[in-house]
Each structure stands twice: as C-alpha cells, then as structure tokens.
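S.K.: Just so we're aligned, residue 1412 is where the sequence shown starts under my numbering, counting upward by one.
Using N, Cα and C, we set each Cβ at its ideal position, and we do this for glycine too.
Please read all numbers here as calculations on a predicted model, not as lab measurements.
Input: one structure, supplied below.
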Amino acid sequence: MKTLGVIGLGYVGLPLAVEAALKGYVVTGIDVNKGLLKLIDSRTSPYANDTRFEQAFAQVGPEQLVVTDDFAKLADVETVVICVPTPTEHNIPDLVFVESAAKEVGKHLHKGQLVVLESTVNPSVTRDIVLPILENASGLKVGEDFYLAHCPERIDPGNEKYYVGNLNRVVGGITPECTEKAVEFYSSIIEAEIISLGSTEEAEFVKSWENTHRNVMIALANSAAIICDAVGMDISRVLNGLQSKVDQFGLKLAQPGIGPGGHCIPEDIHYIIRRARESGIDTRFLDDAAELNEKMPHYAVHRLSKMVTKDGKRLKDTRVALLGLTYKPDIGDTRRSPAIEALYDLQRHAASVVAYDPYVSDPAVAAPAKLSRSLVEALESADAVFIATAHSEFAEQITPELLKEHGIRYVLDGRNVLDKPAVEAAGIHYRGIGR
C-alpha cells in the first residue's frame, strides 16, 4: 500500500492529494483550517468553476483521502509533500508557514521517509532552512535516514487541458539519491516528464524564474502599450504585425493589460530580486519590470480620468462600473488581482463605483464598493465602464448596443476585450491599454 501525506490543502495541495488518491495512494491530507477540512470531508469542492477537478474529486472515496489537523498522522506515511503558502509582505517572502510545517514534519519523521517541499521559495531555502529544522527535530540525517527534495508546484487554475496530473515537473534533491526518490514518487502519479536537476537550488530557481520571465514579458508588452498610447498607435495592430514572425519562429507574445495577478507571477519576481541582492547582483531591470506592472492599474485609472476630462467632465463626478475582480478570465480567484487595485483607485477618484464579476459572489471582495448581481445591474448604475478582467461573458455580452442602451459614455478596456471601432461608432468614448 502506497501512502502519502499532504500538508496544506489549498489550490496546490488538494489537487495533488486527489490525483495521488486516484493513482492508488492512501492519502492523509493535513490542514489547520477546520472549515476547509469539513468541506473536503463532505466531498464538496472548495474551488468553483473547475469542472475537471470537481469530477476527479467526486471519484475519490473516503478510504482513499482522509483529512485531519493532526500532524501525528505523518508518522504513518512514506512520503510527505509540503504545499503551504509563501506570501510576500511588502515584497519580502514570508516563510512562517514553511517553517511551521517543517517543524511538524520533523517531529514525526522516520527512517526511509521522503519529504518534498512544493511551496515557492528562494533558492537555498530547502537546504538552508527546511533541512536543519528536519534534522534537528528528528535526530535523523538526510541522505542516510530520510530524503529531502524540492519540486516546485505547477498549477494553472481553470485550465481544462493541463492540470496537476499531466504537467511537466522539475525535481532537485539534497543528494542524488534524494532526487531519484522524488522522481520515482512523482512519476507514479503524473503522466508527464519529470526532469531531474542537480540540486534543490536549481529546482527552486526554475519556479521563481519561469514566473519572473513571464512578468518581464508582460512588462515589455505594457511598456509597448504605453508608448502606443503616447504616440497614437494601436497596440493590437502592432501585436498583429509581431505575430507574423511569432507564427514562423515560435516566439511567445504577452498581451498588455492592467497587470498580472495570482499567487505566482506578481510575487516570484520579488523572490529573485531579494536573492540576487543578497549576492550583490544589480537587479534594476527586474525592479523596473515589477514596478511597471504594479503601476498598470493606476495607469488605467489615470487613462480613464484623462478621457473623461477631454470630454469636459470630471472623474469625481462620474459613476463607474468595474467589470471583473479576478486576476484571470473565467475563474473565481482574486488573489493579488490588479482589478482589486484598480477598484481601490477608482473609489478614491470617481463619484461612485459598483463592481460585477460572474465568478465572485462575496460582497466583501468588492467592499466598500457595491457588488452587483448582474452585468445589466452594474451598467444601470454607471456612466463609465472599466473592464478589469477578460471574462468570456464580457466579450460575448458587452456590445455597443448594450452600452448605449444603458447610457454608458466611456469605456476603459483594461484587457482590450471589445471592438474599439464598433464602440466608437456608437458614439461612446473608448480607451484600451495601448489603443
């Protein structure tokens, strides 16, 4: 019987636990959130709008996945995977959850056990922080008594094609044997390539750098969009021209907008920056990229203000409907969403703000703005529309006719979703990001 313990049953840990259970493991899921444990125990998915996960979750029997807040249960499993969050406070990584989890694992660590850290961390955290905690708490020696590796989480919420069970993964261990053990474990549950790296540091760096790379690419797109706005070009046509080379050479373009969100892309660049500074490396390029993206919500609000002013009005006299609160289309995840930042900025400068998102039902997310129950209800309370998330509903339902019917005079399209010529032909002022 193969046994697994997963610490942290959030967006990363629970899908991993479910996938392992479906591959024949008896899984013990551990979390300190009792409300979440009750939800999982009742086989109610905590994650709405993820059909693939909900279907997989429904197939897992009570004997395959047991959830608890009792860390002593770790003594009964062969492998432990730590999937706790690593938030950044003022752009400084907070490792309190990782350290706490490592201490609990160390108390119950036994010979032959494999421990894997999936949480996103700076290069060297597994070796310099997690390893000493485990060895000191257990009295055991890595590579001789137990095995320790890092396999950075990879997950794309809402992606129906790629999920935890078929995403390529990278693994790096403290010793070569640690790496082998971790590769063997992941190969037993994931139907994709498991790539062995030379150390835990290399695996840690892969995770931080892949999201830093994406952050920088988005910053380049946003920089191009700002230039287009300044000189009167249309970024959509520029990107269409670039695409002609992309199609032949296989390059990948990022799209401009109000900035990246979620728990990875906005945060991981700061992991790299901090680690590089500790080594005396100049990080100005990365600093500038992160800063530009973080300013995009404010840039978009300022762009709306200029549009309104040019029409002889003032933003402080304008009612705004902010459409979209999540950080990416067609999911309910609002973590580090630039839409929320735009919402706060609008509340400071507009006459009033209402918000609507088809995937958000909790009024507290939009507070102190009112959360509308429908797109039409939001439009009824507005003079201007600010599109913050490219939900399919917005692309499909927001037409020039609908906007005109509800008296909308201004559109700030923060995701370049709408047909600019069609909106302007209806007599509505339009500005996108770079168009």
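Going by DSSP, what residues sit across from D1824 in a beta bridge?
M.R.: Here residue 1824 refers to the residue found at position 413 of the sequence shown. In the DSSP output, where bridge partners are listed per residue, D1824 has I1798 and G1843.
S.K.: In or out: T1745 buried (at least 16 other Cβ within 10 Å) or exposed?
M.R.: Against the sequence shown, residue 1745 aligns to sequence position 334. Buried is the call here.
S.K.: DSSP three-state label for S1599, please.
M.R.: Here the question's residue 1599 lines up with position 188 in the sequence shown. Three-state result, S1599: coil.
S.K.: Taking the straight line between their C-alpha atoms, what separation do you get for E1465 and K1721?
M.R.: Taking the first residue of the sequence shown as 1, we reach residue 1465 at position 54. Taking the first residue of the sequence shown as 1, we reach residue 1721 at position 310. Roughly 49 Å separates the two Cα atoms.
S.K.: Pair every Cβ in the region 1481–1501 with every Cβ in the region 1416–1427, then say whether three or more of these pairs are closer than 8 Å.
M.R.: The answer is yes - the region 1416–1427 touches the region 1481–1501, with three or more Cβ pairs under 8 Å.
S.K.: Would you mind giving the Cβ-Cβ distance between K1434 and S1599, rounded to the nearest angstrom? I have them listed as a contact below 8 Å.
M.R.: Locating residue 1434 in the sequence shown gives position 23, counting from the first residue. Locating residue 1599 in the sequence shown gives position 188, counting from the first residue. With a Cβ gap of about 6 Å, K1434 and S1599 count as contacting.
S.K.: What residues match up with S1792 in a beta bridge as DSSP calls it?
M.R.: Numbered from its first residue, the sequence shown carries residue 1792 at position 381. According to DSSP, which records beta bridges pairwise, S1792 is partnered with nothing at all.
S.K.: To the nearest angstrom, how far is the alpha carbon of S1803 from that of R1826?
M.R.: For this step, residue 1803 is matched to residue 392 along the sequence shown. For this step, residue 1826 is matched to residue 415 along the sequence shown. C-alpha separation (whole angstroms): 12 Å.
S.K.: From the DSSP output, in three-state form, read off Y1682 for me.
M.R.: Taking the sequence shown and counting its residues from 1, one reaches residue 1682 at position 271. The answer is helix: DSSP assigns Y1682 an H, G or I state.
S.K.: Which whole-angstrom value describes the C-beta separation of L1754 and L1782, a residue pair presumed to lie in contact below a C-beta threshold of 8 Å?
M.R.: Numbered from 1 along the sequence shown, position 343 holds the residue referred to as residue 1754. Numbered from 1 along the sequence shown, position 371 holds the residue referred to as residue 1782. That pair is no contact at about 10 Å.
S.K.: Work out the CA separation of S1785 and D1794 for me, nearest whole Å.
M.R.: Walking along the sequence shown from the start, residue 1794 turns up at place 383. Walking along the sequence shown from the start, residue 1785 turns up at place 374. Their backbone Cα atoms lie some 16 Å apart in a straight line.
S.K.: My assumption, with CB atoms under 8 Å, is that T1499 sits in contact with E1678. Please give the rounded CB distance.
M.R.: Numbered from its first residue, the sequence shown carries residue 1499 at position 88. Numbered from its first residue, the sequence shown carries residue 1678 at position 267. Right, the Cβ-Cβ distance comes to about 5 Å (below 8 Å), so this counts as a contact.
S.K.: Is the CB-CB distance between P1563 and I1669 below 8 Å?
M.R.: Reading the sequence shown from its first residue, position 152 is the one you call residue 1563. Reading the sequence shown from its first residue, position 258 is the one you call residue 1669. In this structure, I1669 does not lie closer than 8 Å to P1563 by Cβ.
S.K.: Does any residue of chain D bring its CB to less than 8 Å from the CB of Y1767?
M.R.: Absent here is chain D; the protein component of the structure consists of one chain.
S.K.: Of the residues M1412, K1815 and I1692, which one's Cα is nearest the Cα of A1431?
M.R.: Numbered from its first residue, the sequence shown carries residue 1431 at position 20. When each option's Cα is compared against that of A1431, the closest is M1412.
S.K.: Which class does V1423 belong to by DSSP, given the choice of helix, strand or coil?
M.R.: Here residue 1423 is taken as the residue at index 12 of the sequence shown, counted from 1. Of the three classes helix, strand and coil, the one that applies to V1423 here is coil, per DSSP.
S.K.: Classify D1699 as buried or exposed, calling it buried when 16 or more other Cβ atoms lie within 10 Å of its own Cβ.
M.R.: Reading the sequence shown from its first residue, position 288 is the one you call residue 1699. Under this definition D1699 is an exposed residue.
S.K.: Expressed to the nearest angstrom, what Euclidean distance is found between the alpha-carbon atoms of I1638 and H1713?
M.R.: Your numbering for residue 1638 matches position 227 in the sequence shown. Your numbering for residue 1713 matches position 302 in the sequence shown. Cα-Cα distance, rounded: 15 Å.
S.K.: Quick one: what does DSSP say T1694 is sitting in, helix, strand or coil?
M.R.: In the sequence shown, the residue the question calls residue 1694 occupies position 283. The answer is coil: DSSP assigns T1694 none of H, G, I, E or B.
S.K.: Alpha carbon to alpha carbon, what distance is there between V1553 and H1519?
M.R.: Mapped onto the sequence shown, residue 1519 falls at position 108. Mapped onto the sequence shown, residue 1553 falls at position 142. So the alpha carbons of these two residues sit roughly 15 Å apart.
S.K.: Tell me whether the region 1438–1447 and the region 1516–1532 touch, counting them as touching only if at least three CB pairs, one residue from each stretch, are closer than 8 Å.
M.R.: Cβ pair count under 8 Å is below three, so no.
S.K.: Using 8 Å as the threshold, is the C-beta distance between A1467 and V1527 below it?
M.R.: Here residue 1467 refers to the residue found at position 56 of the sequence shown. Here residue 1527 refers to the residue found at position 116 of the sequence shown. Their beta carbons are not under 8 Å apart, which means A1467 does not touch V1527 by this criterion.
S.K.: Which residue wins for smallest C-alpha separation from Y1574, given the options E1588, R1565 and G1735?
M.R.: By one-based count along the sequence shown, residue 1574 stands at place 163. Ranking E1588, R1565 and G1735 by Cα distance to Y1574 puts R1565 first.
S.K.: Could you tell me the distance, in whole angstroms, from the CA atom of P1667 to the CA atom of G1845?
M.R.: Sequence index remark: in the sequence shown, residue 1667 carries index 256 (1-based). Sequence index remark: in the sequence shown, residue 1845 carries index 434 (1-based). Going from the Cα of P1667 to the Cα of G1845 covers about 8 Å.
S.K.: With three or more C-beta pairs closer than 8 Å as the rule, is the region 1643–1652 touching the region 1585–1604?
M.R.: With a cut-off of 8 Å, the region 1643–1652 and the region 1585–1604 do not count as touching, because too few Cβ pairs lie within range.
S.K.: For the alpha helix (DSSP H) that contains K1518, what are its first and last residues?
M.R.: Sequence index remark: in the sequence shown, residue 1518 carries index 107 (1-based). V1507 to H1519 is the span of the alpha helix (DSSP H), which, as asked, contains K1518.
S.K.: Could you give the first and the last residue of the continuous beta strand (DSSP E) run that contains S1456?
M.R.: Walking along the sequence shown from the start, residue 1456 turns up at place 45. Per DSSP, S1456 belongs to no beta strand (DSSP E) and is neither H nor E.
S.K.: Please list, in chain order, all residues of the same chain as E1612 whose beta carbon is under 6 Å from its beta carbon, the five residues on each side excluded.
M.R.: Counting from 1 along the sequence shown, the entry for residue 1612 is found at position 201. So the qualifying residues of the chain are P1534 and S1535.
S.K.: Apart from the five residues on each side of it in sequence, which residues of its chain come closer than 8 Å, Cβ to Cβ, to L1814?
M.R.: The residue you call residue 1814 lines up with position 403 of the sequence shown. Excluding sequence neighbours, L1814 sits near L1790, V1796, V1822, V1834, A1837 and I1839.
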